[in-house]
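S.K.: Below you will find the structure I want to go over with you.
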Amino acid sequence: MKTLLPILGGLANVAIVLVIAPFFQGVLRKVTARIQSRQGPPIWQAYYDLLKLLGKEDIESGEIPLMQRFSVYLSLATVLTLACLVPMGFPAPMNGAGDAILLIYLLTLSGVCTLLAGLAAGSTYSLIGISREMMTMIALEPLFAVAIVIGAVHTGSFRLDTVLNGSVYATGVPVSGVIMLAVMLLSFQAFVQRVPFDISEAETEIMEGPLMEYSGPKLALLKYAQMAKLVIYSALFVALFVPWGAGLPFGLGWLAFWAKVFVLVLLVTLVAATHARYRIDQAIRYFAGLLGVAMIALVLAGYGY
Amino acid sequence: MMTPEQAVVASIGLCVAGAVLTLLVSRNKTVAGWLAFAITAGSAALILSAVAQVLARGPAHPEQFLKMPAVGFALRIYVDGLTSIFLLLAVLVAVPAALYSIRYMKHYEDYGVARYYPNFLLFLAAMYGLLSTTDMMWFFFIFWQMMTLPGYALIRFENRKPENIRAANKYLIMMQIACVATMIGAELLAITGAAASGSETLKYDFDTVSANLPALLAGKPAVTALAFALFLVGFGIKMGMWPFGQVWLPDAHPAAPSPVSAMLSGVMIKTGAYGLMRYFLWLVPPSAVADYPLANWGAVVAVLGTITLFTGTMQALKQEQSKRLLAFHSIGQIGYILLGTGACMALLPAKGPNATVLAAIAFFGALFHVLNHGLFKGLLFLNAGSMLLATGTQDLNKMGGLMKFMPLTAVTALVASLSISGVPLFNGFASKWSIFVGTVQGGSAAKYLGVCAIIAILTSALTLASFIKFFGVSFLSRTSALVRDKAAASLRDAAALEVGAMMQLPQVFLAALCVLLGVIPALAFQLIGGALNASRQGCGIALANAAPMAGGAWRGLENLHGTALFAPLALATVLALVFVVVCVLSKLGAAQRRADVPWLCGYAREAECHRYVAHNFYGEIKRYFRWLGGMPKPRAGAVTDPGSQTTNH
Chain C
5 MKTLLPILGG LANVAIVLVI APFFQGVLRK VTARIQSRQG PPIWQAYYDL LKLLGKEDIE
65 SGEIPLMQRF SVYLSLATVL TLACLVPMGF PAPMNGAGDA ILLIYLLTLS GVCTLLAGLA
125 AGSTYSLIGI SREMMTMIAL EPLFAVAIVI GAVHTGSFRL DTVLNGSVYA TGVPVSGVIM
185 LAVMLLSFQA FVQRVPFDIS EAETEIMEGP LMEYSGPKLA LLKYAQMAKL VIYSALFVAL
245 FVPWGAGLPF GLGWLAFWAK VFVLVLLVTL VAATHARYRI DQAIRYFAGL LGVAMIALVL
305 AGYGY
Chain P
66 MMTPEQAVVA SIGLCVAGAV LTLLVSRNKT VAGWLAFAIT AGSAALILSA VAQVLARGPA
126 HPEQFLKMPA VGFALRIYVD GLTSIFLLLA VLVAVPAALY SIRYMKHYED YGVARYYPNF
186 LLFLAAMYGL LSTTDMMWFF FIFWQMMTLP GYALIRFENR KPENIRAANK YLIMMQIACV
246 ATMIGAELLA ITGAAASGSE TLKYDFDTVS ANLPALLAGK PAVTALAFAL FLVGFGIKMG
306 MWPFGQVWLP DAHPAAPSPV SAMLSGVMIK TGAYGLMRYF LWLVPPSAVA DYPLANWGAV
366 VAVLGTITLF TGTMQALKQE QSKRLLAFHS IGQIGYILLG TGACMALLPA KGPNATVLAA
426 IAFFGALFHV LNHGLFKGLL FLNAGSMLLA TGTQDLNKMG GLMKFMPLTA VTALVASLSI
486 SGVPLFNGFA SKWSIFVGTV QGGSAAKYLG VCAIIAILTS ALTLASFIKF FGVSFLSRTS
546 ALVRDKAAAS LRDAAALEVG AMMQLPQVFL AALCVLLGVI PALAFQLIGG ALNASRQGCG
606 IALANAAPMA GGAWRGLENL HGTALFAPLA LATVLALVFV VVCVLSKLGA AQRRADVPWL
666 CGYAREAECH RYVAHNFYGE IKRYFRWLGG MPKPRAGAVT DPGSQTTNH
């Protein structure tokens with residue numbers, strides 16, 4: 005039973021992410037359309053898109069198709085592995101496989117796969133997108149790390165079930181935790197690669213960047229990974245910063261968790277639908293400012309505030 | 066059966082004899098190469114037997130060779146655990162480098178190998194000696210010069226290029242400054258030594274100095290502080306610590322032949338790390354710790370390490386020459402080693418429930434990173450050598466699409482790139498993980514460590530960015546004009562662009578070690594734990610007693626009572642299973658595959674000027690950090706590239 009539980013939990017998390025991710029995407033598109041006074045596609049459109057893409061012709065433009073396949077498969081595989089490390093209404097199933105530092109680096113790895121996929125495709129537009137995406141990652145990785153580290157400093161532990169349980173507020177509601185909540189809210193769009201920080205894809209400008217050359221099943225997998233990332237980052241955010249209600253009886257606590265995630269997705273949609281894209285240099289300046297604030301929060305956390 | 070000390074002396078003797086022999090046969094490149102490889106392998110076998118003995122049975126006793134008591138002169142050799150780890154690293158890099166040299170050195174048509182193999186072997190012998198001598202003055206000087214002068218000759222191997230001569234001169238001058246600084250430091254510590262210890266023992270020996278240190282620390286704190294500051298400067302220059310590293314290292318590494326670059330970066334600069342650890346942590350006996358401002362030195366080293374890792378990596382991000390980029394990353398990675406060592410020094414005297422354990426974790430990380438950096442940076446320089454051999458250039462702007470032509474080199478380069486960037490399941494992650502655990506949780510005892518840790522995490526993202534560029538623009542992307550020409554030419558000569566088996570083997574060996582230590586890092590931690598157990602002197606006793614790591618192959622790494630853990634095998638299993646699921650998912654629609662060229666918005670054909678090259682990457686970040694220096698020279702012919710103005714976003 006003791007060894008079976010993480011396996012079942014992991015399977016459950018993977019299944020939840022796979023099932024729910026296109027639904028969130030559908031909601032996102034529908035709400036965006038309504039905000040922009042359009043009718044919008046049916047809410048199940050994302051499922052239809054994925055199914056349709058799986059059967060379409062797969063054009064490989066790169067010089068090393070094996071590398072393209074490998075990095076695309078790995079991209080979704082990493083995201084699904086991540087799902088096992090993130091609490092989704094109950095503690096993370098793979099608590100025993102790694103700690104919060106691993107989580108930070110795995111999140112980066114999932115980005116790296118997309119970058120490799122784009123590099124293998126070899127289009128100039130892909131490479132422009134990769135350069136931008138990597139610059140965004142440089143700024144975002146330490147931001148997320150500060151949030152995790154503040155939790156780890158407050159609780160003295162790196163365990164996922166300890167850190168991803170509202171650990172930023174472990175000592176009452178400290179100043180550092182509140183500052184980090186604000187910082188993460190202000191940068192959340194970038195973590196899930198939505199407007200105004202979808203600079204690396206920028207459909208109207210560099211035609212989806214790293215994804216530009218992909219079609220058919222590979223595009224389906226990359227899109228799937230992107231949708232799954234929205235779910236996973238939202239779950240992480242809720243687990244880290246909005247722990248209230250987790251103590252409810254199992255079923256209710258689980259519902260409360262997904263309700264919070266859903267609200268967060270709506271918030272992302274609202275911001276995305278009402279903002280225009282930033283340029284990469286503007287975005288970097290913005291992240292640098294946030295990183296400065298985050299560093300102040302980290303120092304405050306060190307002194308117990 | 067030889068004692069470890071005798072084995073080390075024998076291997077030094079073997080290498081020196083080998084230097085003479087290879088000089089004699091140097092007219093024939095192949096014979097000299099195989100001879101040098103055989104001698105390197107022989108000395109490696111001797112060293113490995115010594116290391117195995119020390120780790121299995123604990124250290125033997127220091128032994129003296131070449132005694133001249135009248136002038137306080139004797140070659141006193143002592144192989145303990147700490148020395149063993151560095152010796153192990155030396156052979157792990159030297160043997161592949163020697164094998165790689167055999168074929169690689171043949172491509173220098175204008176230069177003979179008479180100046181190469183003898184110097185290579187002397188260089189190796191000097192490192193064995195420097196890592197195991199206990200003499201802080203004479204034999205330190207002898208081995209240091211034996212390392213510096215052949216190193217100088219190797220860096221200026223291609224002596225018809227003026228920039229190589231300049232690089233070698235800089236290296237020589239910096240190493241002599243380092244030598245003088247370290248020797249003055251030793252003299253300051255030994256100045257009262259002779260009187261206190263009598264005439265039988267050696268004045269400049271570790272044991273003598275260590276025995277005299279308590280009195281000196283209590284009586285003359287300023288003098289000892291000056292001595293330790295000089296050690297920090299001396300070894301800092303050797304390691305490539307900021308601000309000294311930027312002076313010599315980025316010029317010296319690219320100038321040398323690639324296997325020597327691997328040795329310089331993989332092993333030689335680690336002798337500085339060895340010196341730093343040995344002098345700051347092992348020299349001061351536990352009885353004198355109260356008078357020894359270890360925490361302050363730790364703060365200095367950790368902060369210098371943080372500056373080093375950030376500046377080195379940020380400057381590396383700007384580079385467009387393959388080996389120069391790698392050289393700057395050596396500075397960056399040395400910063401991690403300094404940070405781990407500094408955190409250990411800062412936390413060791415701190416009061417707190419876990420301070421000693423955290424110090425030990427940080428030190429494990431630093432020592433593991435020493436090993437890892439040797440492996441993946443050695444590999445990267447060999448990769449760069451293969452690329453140089455295939456394309457004839459170090460310029461990343463002219464490369465592209467090499468993976469199609471040299472798949473094996475590409476795969477090993479990918480492994481090395483992911484390792485150095487700290488991607489989980491590769492060895493670089495395990496050591497960085499350990500350093501981060503030590504520094505983040507140590508933040509409660511020394512507040513600045515938390516900020517250092519975040520800068521280190523930021524820097525590992527920078528490292529990743531740099532290697533995405535390095536790997537992407539050279540092996541992936543689109544085939545460049547240069548590569549296309551070279552491939553066509555090699556087809557005419559009925560030869561592939563990929564390097565031969567004798568150059569592939571060393572690369573595969575190092576890549577396999579990177580993966581092995583990444584998936585089962587507990588192996589390395591057991592090795593380091595055993596090594597610390599076999600070097601119980603000074604602060605080493607506290608570190609050995611702390612024994613922070615639990616775990617095994619399947620459970621991975623666990624410390625602090627399981628509050629920090631990393632089980633790579635479990636993770637790899639899950640990843641592999643999910644990968645299979647994803648593969649199946651992608652096949653469900655039975656989609657047809659077709660190959661085609663990338664779409665270029667309707668332009669007919671892709672030309673060389675449409676390629677997105679190394680120069681174009683990360684324009685904004687490069688611009689914001691222009692003040693940090695290290696900008697490459699303006700590109701010749703950049704004017705002909707209409708994309709450079711508009712595509713550097």
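Residue numbers (my numbering), protein chains in the order written: chain C, 5 to 309; chain P, 66 to 714.
Beta carbons: idealized from backbone N, C-alpha and C, even for Gly.
Leaving out the 5 sequence neighbours to the left and right, which residues in its chain are closer than 6 Å to Gln29/C when beta-carbon positions are compared?
M.R.: As a working note, residue 29/C is residue 25 in the first sequence. Ala50, Met231.
S.K.: Closer than 6 Å by C-beta to Leu274/C: which residues in its own chain qualify, once you throw out the five before and the five after it? Chain order, please.
M.R.: Your numbering for residue 274/C matches position 270 in the first sequence. For Leu274/C, where only same-chain residues beyond five positions count, there are no Cβ hits under 6 Å.
S.K.: Report the rounded CA-to-CA distance for Glu207/C versus Trp498/P, giving the unit in angstroms.
M.R.: Here the question's residue 207/C lines up with position 203 in the first sequence. Here the question's residue 498/P lines up with position 433 in the second sequence. Near 37 Å, if we compare the C-alpha coordinates of Trp498/P and Glu207/C.
S.K.: Where does Leu404/P fall in DSSP's three states?
M.R.: Position 339 of the second sequence, counting from 1, holds the residue named residue 404/P. In this structure, Leu404/P counts as helix in the three-state DSSP scheme.
S.K.: Give a yes or no on whether 8 Å exceeds the smallest Cβ distance from Met92/C to chain P.
M.R.: Counting from one through the first sequence, the residue named residue 92/C turns up at place 88. No, its Cβ sits nowhere closer than 8 Å to a Cβ of chain P.
S.K.: Quick one: grab the DSSP three-state call for Ile47/C.
M.R.: Counting from one through the first sequence, the residue named residue 47/C turns up at place 43. Coil, per DSSP.
S.K.: Could you spell out where the beta strand (DSSP E) holding Ile256/P opens and where it closes?
M.R.: Counted from its first residue, the second sequence places residue 256/P at position 191. Segment: none, Ile256/P is in no beta strand (DSSP E) and carries neither H nor E.
S.K.: Between the beta-carbon of Ile68/C and the beta-carbon of Lys469/P, is there less than 8 Å?
M.R.: Counting from 1 along the first sequence, the entry for residue 68/C is found at position 64. Counting from 1 along the second sequence, the entry for residue 469/P is found at position 404. Cβ distance < 8 Å, so Ile68/C and Lys469/P count as in contact.
S.K.: Are Ser180/C and Ile154/C touching if we call contact CB-CB under 8 Å?
M.R.: The residue given as residue 180/C occupies position 176 in the first sequence. The residue given as residue 154/C occupies position 150 in the first sequence. Yes, the Cβ-Cβ distance between Ser180/C and Ile154/C is below 8 Å.
S.K.: Could you compute how far the alpha carbon of Met170/P sits from the alpha carbon of Lys383/P?
M.R.: For the purposes of this step, residue 170/P is identified with residue 105 of the second sequence, where counting begins at 1. For the purposes of this step, residue 383/P is identified with residue 318 of the second sequence, where counting begins at 1. Each residue's alpha carbon lies about 30 Å from the other.
S.K.: Comparing the C-beta of Ala261/P with each C-beta of chain C, is any distance below 8 Å?
M.R.: Taking the second sequence and counting its residues from 1, the one referred to as residue 261/P is at position 196. At Ala261/P the pLDDT is 47, less than 50, meaning the model places this residue with poor confidence; the figure from the coordinates comes in the next sentence. No, Ala261/P does not count as interfacial toward chain C.
S.K.: Output the boundary residues of the beta strand (DSSP E) element that contains Gly305/P.
M.R.: Taking the second sequence and counting its residues from 1, the one referred to as residue 305/P is at position 240. Segment: none, Gly305/P is in no beta strand (DSSP E) and carries neither H nor E.
S.K.: Mind checking Lys652/P: buried by the 16 CB within 10 Å criterion, or exposed?
M.R.: As a position in the second sequence, residue 652/P is number 587, starting the count at 1. Exposed, by the Cβ-count rule.
S.K.: Just tell me which of Met240/P, Thr273/P, Leu254/P, Leu359/P has its CA closest to the CA of Lys303/P.
M.R.: One-based indexing of the second sequence puts residue 303/P at position 238. Checked all of Met240/P, Thr273/P, Leu254/P, Leu359/P; the closest Cα to Lys303/P is Met240/P.
S.K.: Using the beta-carbon of each residue, which ones in chain C are nearer than 7 Å to Lys469/P?
M.R.: In the second sequence, the residue the question calls residue 469/P occupies position 404. Within 7 Å Cβ-Cβ: Glu67, Ile68.
S.K.: Kindly indicate which three-state DSSP category Asn224/P falls into: helix, strand or coil?
M.R.: Position 159 of the second sequence, counted from the start, is the residue given in the question as residue 224/P. Coil.
S.K.: Can you list, in chain order, the residues of the region 630-641 of chain P whose Cβ is nearer than 7 Å to any Cβ on chain C?
M.R.: Leu630, Phe631, Ala632, Ala635, Leu636, Val639, Leu640
S.K.: Please tell me whether Gly13/C has its Cβ less than 8 Å away from any Cβ of chain P.
M.R.: For this step, residue 13/C is matched to residue 9 along the first sequence. Output row for Gly13/C: interface = no.
S.K.: In chain order, what residues of the same chain lie with their CB nearer than 7 Å to the CB of Leu593/P, ignoring the 5 residues before and after it?
M.R.: Within the second sequence, residue 593/P is the residue found at index 528, counting from 1. At residue 593/P the sequence reads Ile, which differs from the Leu that was named. Correct list, in chain order: Ile150, Phe429, Leu432, Phe433.
S.K.: Closer than 7 Å, Cβ to Cβ, to anything on chain P: give me those residues from the region 197-219 of chain C, in chain order.
M.R.: Glu217
S.K.: What does a CB cutoff of less than 8 Å around Thr705/P pick up in its chain, not counting 5 residues either side in sequence?
M.R.: Counting from one through the second sequence, the residue named residue 705/P turns up at place 640. Its pLDDT being 43, under 50, Thr705/P is placed unreliably in this model, and the value from its coordinates should be taken loosely. Hits under 8 Å: Cys674.
S.K.: Excluding five sequence neighbours on each side, which residues of the same chain lie with their C-beta closer than 7 Å to the C-beta of Ile284/C?
M.R.: Translated into the one-based positions of the first sequence, residue 284/C becomes position 280. Arg136, Met139, Ile203, listed in sequence order.
S.K.: If the cut-off is 8 Å on Cβ atoms, which residues from the region 96-114 of chain C count as contacting chain P, listed in chain order?
M.R.: So the close ones are Met98, Gly100, Ala101, Gly102, Asp103, Ile105, Leu106, Ile108, Tyr109, Leu110, Thr112, Leu113.
S.K.: When burial is assigned at 16 or more other CB atoms within 10 Å of the CB, is Gly263/P buried or exposed?
M.R.: Locating residue 263/P in the second sequence gives position 198, counting from the first residue. At Gly263/P, the pLDDT of 45 sits below 50, so the modelled position is not reliable and the matter cannot be decided from this model.
S.K.: Within 10 angstroms of the Cβ of Cys117/C, are there 16 or more other Cβ atoms? Answer buried if so, exposed if not.
M.R.: Taking the first sequence and counting its residues from 1, one reaches residue 117/C at position 113. Answer is buried; the Cβ neighbour count reaches 16.
S.K.: In angstroms, rounded to a whole number, what distance separates the CA positions of Gly313/C and Val516/P?
M.R.: Since the first residue of chain C shown is 5 and the last is 309, residue 313/C is not available in this structure.
S.K.: To the nearest angstrom, report how far apart Ala125/C and Ile20/C are at their CA atoms.
M.R.: Numbered from its first residue, the first sequence carries residue 125/C at position 121. Numbered from its first residue, the first sequence carries residue 20/C at position 16. Roughly 31 Å separates the two Cα atoms.
S.K.: Give me the subset of the region 650-672 of chain P whose CB atoms are less than 9 Å from a CB atom of chain C, sorted by chain position.
M.R.: Leu650, Ser651, Lys652, Leu653, Gly654, Ala655, Ala656, Gln657, Arg658, Arg659, Ala660, Asp661, Val662, Pro663, Trp664, Leu665, Cys666, Glu671
S.K.: For my contact list, Leu195/P and Phe208/P are in at a C-beta cut-off of 8 Å; report their separation, rounded to the angstrom.
M.R.: Residue 195/P sits at position 130 when you count from the first residue of the second sequence. Residue 208/P sits at position 143 when you count from the first residue of the second sequence. The Cβ separation is near 4 Å, so the contact holds.
S.K.: Within 10 angstroms of its Cβ, does Asp661/P collect 16 or more other Cβ (buried), or is it exposed?
M.R.: Residue mapping note: residue 661/P aligns to position 596 of the second sequence, counting from 1. Exposed, by the Cβ-count rule.
S.K.: Assess, as a yes-or-no matter, whether the region 528-543 of chain P is touched by the region 676-692 of chain P under the definition of 3 or more beta carbon pairs within less than 8 Å.
M.R.: yes
S.K.: Assign Leu89/C to one of three DSSP states: helix, strand, or coil.
M.R.: Here residue 89/C refers to the residue found at position 85 of the first sequence. Coil.
S.K.: Mind pulling the chain C residues with CB within less than 9 Å of Ile500/P?
M.R.: By 1-based counting over the second sequence, the position of residue 500/P is 435. Simply none; closest approach about 10 Å.
S.K.: Return no unless some Cβ of chain C is closer than 8 Å to the Cβ of Gln506/P.
M.R.: The residue you call residue 506/P lines up with position 441 of the second sequence. Cβ-Cβ to chain C under 8 Å: yes for Gln506/P.
S.K.: Let me check one thing: in DSSP terms, what residues is Thr198/P bridge-paired to?
M.R.: Here residue 198/P refers to the residue found at position 133 when the second sequence is read from its first residue. Partner(s): Ile142/P.
S.K.: To the nearest angstrom, how far is the alpha carbon of Tyr52/C from that of Glu685/P?
M.R.: Numbered from 1 along the first sequence, position 48 holds the residue referred to as residue 52/C. Numbered from 1 along the second sequence, position 620 holds the residue referred to as residue 685/P. Whole-angstrom Cα-Cα distance: 39 Å.
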